[in-house]
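Encoded as structure tokens, the structure appears first; notes follow it.
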Amino acid sequence: MNDPQLWISALQLGCFFGLLALSYWVVLSGTGFFNFAVGPYAMVGGLCTSWLVIDKEFELWSAVVIALVAAMALAAVTELVVVRPVQRRSGRNQLPALVAVTAVLFAVEQLAGVIFGYTTLPGEELFSFQSIQIGSAELLPDALELIVVTVVVFVAMAVWVRVTRTGRLLRAVGDSREAAALLGLSVNRIRIIAFVLSGLLAGIAGLLFAPKAGVNSSAGLQWALDGFLALVIGGTATVWAPLVGGLILGVLQVFVPYYLGGPWLAYSLVILAIVFFAFRPQGLFMRTIRV
Amino acid sequence: MNGVNQSTRTRHGGTEERGDWVSINVMGRRKSKRVVRRAATVAGSIVAATALLATGTAMVAGAATGKTSKGSKSPIIVGEDWDSTSANAAFTDVTAKTIQLAVNQVNKSGGVLGHPIKLVIGNDESDPTKTPAVTQQLANEGAKFLLYNNGLPAPAKPTVQKLGIPSIGVTAVIPTFANPPDNTFTYLLSSPLSDWSQVLCGAWKKTGVKTVGVLRDNSTTTASLDNVLFPTLKKCVTLVDVETAPGTASDVTAQVARLKSHNPDAILVADLGGSFEILAQETVHQLMPTETRYSLATIVNEPTTWKLASPGSLTGVIAIGSLNPNNPQTKKLKSVLVANNGSSYAMTAFDAQAWDTIQLMKTAMAKAGGGNTTAKVNKQMQKISSYLASFGQPGYTLTYSAKKHAGANGLCGIVLQQFDSQNKPSKAYAKYQPPCKTK
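Structure below.
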């Protein structure tokens, strides 16, 4: 564990997983719903940017804006066209909406393949600068960008949730939709904000992670599972919990293969998931209420 | 979310439970079982949706457009199993494009004895469980010849044998497809893997490589490669470590760090190509910058993949390729490709193999008096001898017979290519090339 390059990789992966988990967290906090389509939103954020820049010769920042808007629009469509109508028709039952959102996940992947192509595209680096040497390790620009943006995003989210009215309403509506409605709060508005914000966060995550190994239309499922596992580990009690879960998952993704070999990664993740589901379903951070 | 929308019910022994994702400690109770149930539900949903999708995409994509000649004779249907949607699309797209080009050229020049060729397309996503169904579907669409443009055509063999339709694994390298059993109608163009290991051993012997570390993806296709390659490679070098990672991995730092700890003379990356190959090569380049790197992957034939690599990160990588710019047949094909795709077109061995596949098929059909009698076409396939290939070293030929269904004649189909600082395999590896008699 004394190789700094391994820690840099773990940190980079952890930040990515943390952002994905945060994307889950926002929808879960605002609607009480697991939105498994965050993986495809992230894929769209990364793939759409690369496609616009490489194939359509867009200027980078225009492409970034369009891709993030696309991810947010996709999230809004998920809520307005899929989740909300399905929940309404099923008496707020979660299962039909979960199945529908899972179908959305695959549908977006297929659609992305048709639009952007099925081959992997290189991710776009937002800023160009020399990599930083840290001892024997090298911190590449894309890793540094992801780490810095992750810190900024989490701090901003923590402030937003705690300080702003919309942020507080987000959790109020998530805790009890009916109670919030009785109090006259705009439940539907809060829900759509949660989804759009989720799309933005996932889009940023995909955009910043794409330079590491490229991005293709089938990346969404794996990313959805990574983010979900990070949320399972971290829990939902605080806005920082997804980041902690992501970082732990990142460390496991690097050090389990390093010490035990590649095949052990899959085994260890399954064991970890079972352990958390069975013994710590609320994740590491548990919300407590004083009575 | 722990509110009135949550169901409240009585369970065993009258214990009241109200579960939630976040277990809230209210009046000393922790309610978490529902989370487990919900997780199971979610997992079930994903499995169900995956199954639905898999079923959907297994369906044949439908007929592709193919320019036909102006003649009034009925078309000869040729089925192409083109995996255009999995990770293999990185190389199958190139192959498919040139297959279509070659078919168009054949049709423009009058087709096969006046009969135009019409392509119909299927897509097994390189999923062995779908390959037989796609094969059957192509046959149902009237295919009289089958082309496998996917990662692993071997699962189609029993179905092909039953249908009796001549079939070519266009870019396949694993000899299973052309070897018994069930190989009456199956053929290969590429040099077999046994040749690859001979060439690698030759290069390593020449350059003094005695220890090799392997990094590979965990796909079934790559595992199949290993089963054929590794026993031979172990005879000429010591494989100090074999590291695996998922083909969808985003990071292989740990695997490369483990390889580094063994201090091998060279690293061999074996995978399906695409983003995994780039990730692997970049990580080796980052952690072991002076290491000699070899590639078993199809990266040398994937121009779109080269763009994924950061500048200079592929410099020096030695890859098993099949193109020698001095081969006259290669030059001839390149001029056709450039005329159709533009002067900047980067020709690959997959272009050459796709092109040669259609020429071989046309030859067999023409000699059989037409393409619609599959038994006759198959017989003529087995009579093709000394066909000058568009790939390999100058003078390289393909020959088939009743017992020889892999066309390669010797090691000359392989060219070791080396990447330059522009991340392009622009030159032949100067230190070693397989011994080859020119014709």
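Respectively, the protein sequence lines represent chains A and B. Its first residue numbered 1, the first sequence is counted upward by one per residue in this note's numbering. Its first residue numbered 1001, the second sequence is counted upward by one per residue in this note's numbering. All C-beta atoms, glycine included, are put in the ideal place defined by N, C-alpha and C.
Any Cβ of chain A within less than 8 Å of the Cβ of residue i?
{"i": "B/Ala-1064", "result": "Bear in mind that the predicted position of B/Ala-1064 carries a pLDDT of just 38, short of 50, making it unreliable; the figure below should be weighed with that in mind. Answer no: the Cβ-Cβ gap between B/Ala-1064 and chain A never drops below 8 Å."}
{"i": "B/Glu-1016", "result": "Residue placement at B/Glu-1016 is poorly supported in this model, since its pLDDT is 35, which falls under 50; the coordinates still yield a value, given next. For B/Glu-1016, the answer is no, since every Cβ of chain A falls outside 8 Å of its Cβ."}
{"i": "B/Val-1036", "result": "Unreliable positioning characterises B/Val-1036 in this predicted model, as indicated by a pLDDT of 41, which lies under 50. A coordinate reading is not provided."}
{"i": "B/Asn-1089", "result": "Reading off the sequence shown, one finds Ala at residue 1089 of chain B, where the question assumed Asn. Interface residue, yes."}
{"i": "B/Thr-1304", "result": "yes"}
{"i": "B/Thr-1085", "result": "yes"}
{"i": "B/Leu-947", "result": "Outside the shown range of chain B, which is 1001 to 1439, sits residue 947 of chain B, and nothing can be said about it."}
{"i": "B/Ser-1069", "result": "Note that B/Ser-1069 scores a pLDDT of 43, beneath 50, so its modelled location is shaky; the value from the coordinates is reported in the next line. For B/Ser-1069, the answer is no, since every Cβ of chain A falls outside 8 Å of its Cβ."}
{"i": "B/Asp-1351", "result": "no"}
{"i": "B/Asp-1093", "result": "yes"}
{"i": "B/Val-1060", "result": "Low local confidence applies: a pLDDT of 35 at B/Val-1060 is under 50, so the model's placement there is unreliable, with the coordinate-based value given in what follows. For B/Val-1060, the answer is no, since every Cβ of chain A falls outside 8 Å of its Cβ."}
{"i": "B/Asn-1423", "result": "no"}
Strictly under 8 Å for the Cβ-Cβ distance: is residue i near chain B by that measure?
{"i": "A/Ala-156", "result": "no"}
{"i": "A/Gln-133", "result": "no"}
{"i": "A/Gly-39", "result": "no"}
{"i": "A/Asn-188", "result": "no"}
{"i": "A/Tyr-118", "result": "yes"}
{"i": "A/Gly-262", "result": "yes"}
{"i": "A/Val-138", "result": "Note that residue 138 of chain A is Glu in the sequence shown here, rather than Val. So, interface residue."}
{"i": "A/Pro-242", "result": "no"}
{"i": "A/Asn-35", "result": "no"}
{"i": "A/Val-275", "result": "no"}
Starting from the beta carbon of residue i, find every residue of chain A whose beta carbon is closer than 7 Å, and list them in chain order.
{"i": "B/Lys-1307", "result": "Pro-122"}
Starting from the beta carbon of residue i, find every residue of chain B whose beta carbon is closer than 7 Å, and list them in chain order.
{"i": "A/Ala-213", "result": "Ser-1250, Ser-1275, Leu-1279"}
{"i": "A/Val-254", "result": "Asp-1251, Thr-1253, Ala-1254"}
DSSP beta-bridge partners for residue i?
{"i": "B/Val-1242", "result": "B/Val-1214"}
{"i": "B/Val-1112", "result": "B/His-1115"}
{"i": "B/Thr-1292", "result": "B/Ala-1266"}
{"i": "A/Glu-138", "result": "A/Gln-133"}
{"i": "B/Ile-1168", "result": "B/Leu-1147, B/Tyr-1187"}
{"i": "A/Trp-7", "result": "BP columns for A/Trp-7 are empty, so no partner."}
{"i": "B/Asp-1081", "result": "B/Gly-1122, B/Tyr-1148"}
{"i": "A/Gly-30", "result": "According to DSSP, A/Gly-30 bridges with nothing at all."}
{"i": "B/Thr-1397", "result": "B/Leu-1388"}
{"i": "B/Val-1415", "result": "B/Gly-1321"}
{"i": "B/Ala-1406", "result": "B/Leu-1188"}
{"i": "B/Ile-1299", "result": "For B/Ile-1299, which the question treats as bridged, DSSP gives no partner whatsoever."}
{"i": "B/Lys-1427", "result": "B/Gln-1418"}
Report the neighbours of residue i on chain B: residues whose CB is nearer than 8 Å to its CB, in chain order.
{"i": "A/Ser-9", "result": "Asp-1251, Thr-1253, Ala-1254"}
{"i": "A/Gly-113", "result": "Thr-1085"}
Would you say residue i reaches chain D, if we count a Cβ-Cβ gap shorter than 8 Å as a contact?
{"i": "A/Tyr-267", "result": "In summary, chain D is missing from the structure at hand, where the protein chains are A and B."}
Quick one: which chain B residues come within Cβ less than 9 Å of residue i?
{"i": "A/Gln-130", "result": "In chain order: nothing, as chain B lies at least about 12 Å away."}
{"i": "A/Pro-85", "result": "Under the 9 Å cutoff, chain B gives no residues; its nearest Cβ is about 17 Å from A/Pro-85."}
Chain A contacts made by the region 1240-1265 of chain B, where a contact means CB separation under 7 Å: Glu-1243, Thr-1244, Ala-1245, Thr-1248, Ser-1250, Asp-1251, Thr-1253, Ala-1254, Gln-1255, Ala-1257, Arg-1258
Please list the segments of the alpha helix (DSSP H) lying wholly inside the region 187-228 of chain A, counting only runs of 4 or more residues, in order along the chain. 187-213
What are the residues in the region 1281-1304 of chain B lying within 8 Å of chain A by C-beta distance? Gln-1286, Leu-1287, Thr-1304
In chain order, what are the residue ranges of uninterrupted alpha helix (DSSP H) at least 4 long that sit wholly in the region 38-71 of chain A? Listed in chain order, they are 38-54.
In chain order, which continuous runs of the alpha helix (DSSP H) of length 4 or greater are located wholly inside the region 1321-1382 of chain B? The region 1321-1382 of chain B contains these whole alpha helix (DSSP H) runs: 1328-1341, 1349-1367, 1374-1381.
When Cβ atoms are compared, which residues of the region 2-30 of chain A fall closer than 7 Å to chain B? Asp-3, Gln-5, Leu-6, Ser-9, Leu-13, Leu-28
Entirely enclosed beta strand (DSSP E) segments - the region 98-168 of chain A, minimum 3 residues: 132-134, 137-139
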